[in-house]
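To start, the structure itself, in structure tokens.
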Amino acid sequence: MFKIHVSTRGFTDIIDITSLVKSQIEKEKIKEGVVCLFVTGSTAALTTIEYEPGLKKDFQEIINQLIPENKDYYHNQKWGDGNGFAHLRASLIGPSLVVPLEKGQLVLGTWQQIVLVDFDNRPREREIVGVVVKGE
Ligand code: ZN
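Going by this note's numbering, 48 is the number at position 48 of the sequence shown; the sequence numbering is gapless.
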């Protein structure tokens with residue numbers, strides 16, 4: 001098991017963590033299998049994207065349209081922390097990701113990066129937990 005720590009700015013901050021995952025994988029004895037990644041916390045998510053400025057903006061825009069910040073969410077009424085939108089966005093994208101591992105390398109598309117997305121309404125310190133599971 002390994003852990004990765006990342007500082008974020010919140011508000012759909014999209015951070016490329018591919019190289020951080022790679023450097024952890026290099027320390028692993030298991031060379032064939034899958035890497036399971038999980039971000040702890042209910043206002044962040046993991047996914048993959050082609051990490052380029054246009055798509056980052058497109059992603060932020062579509063998320064804003066789907067789940068706007070300023071709606072009167074029940075969560076905000078109950079807790080007053082104003083981040084109902086962040087919880088909903090995180091649930092929609094999901095907290096985990098599985099990436100195949102072959103010959104000690106992550107199996108990713110040429111333009112596919114692993115990203116942490118922080119949806120919270122403030123900067124956060126995030127922890128991503130990784131486990132490598134042996135395959136054939
Ligand atoms: Zn909340």
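Even for Gly, the Cβ is constructed at its ideal location relative to N, Cα and C. As the structure is a computational prediction, the values presented were derived from the model and not from experiment.
Environment of residue i [buried if 16+ CB atoms lie within 10 Å]
i	result
Q24	buried
G84	buried
T40	exposed
Q113	buried
I62	exposed
L37	buried
R126	buried
R89	buried
Whole-angstrom C-beta distance between residue j and residue i, which should lie under 8 Å
i	j	result
G104	V35	Not quite, the Cβ-Cβ distance comes to about 11 Å (not below 8 Å), so this is no contact.
L20	S96	That pair is no contact at about 16 Å.
I15	V132	Rounded, the Cβ-Cβ distance is 21 Å, inconsistent with contact.
Range of the contiguous alpha helix (DSSP H) that encloses residue i
i	result
V21	T18 to I25
Y74	Y74 to W79
Beta-bridge pairing of residue i - partner residues as DSSP gives them
i	result
F38	S96 and V129
S7	E125
K103	None; K103 has no bridge partner.
Limits of the unbroken beta strand (DSSP E) element including residue i
i	result
I67	Looking at the DSSP string, I67 is not in any beta strand (DSSP E), and its letter there is neither H nor E.
Q113	Q113 to D118
T48	A44 to I49
Proximity to residue i [Cα-Cα], best of the options
i	options	result
G135	I128, Q60 and V98	V98
V107	G33, D13 and V117	G33
F119	K22, G94, H87 and Q77	H87
Q60	M1, V117 and P123	V117
V6	E26, K27 and A44	A44
L66	G10, I93, P123 and K29	I93
G109	T12, E50, G10 and K22	E50
M1	E26, T8, R9 and G10	E26
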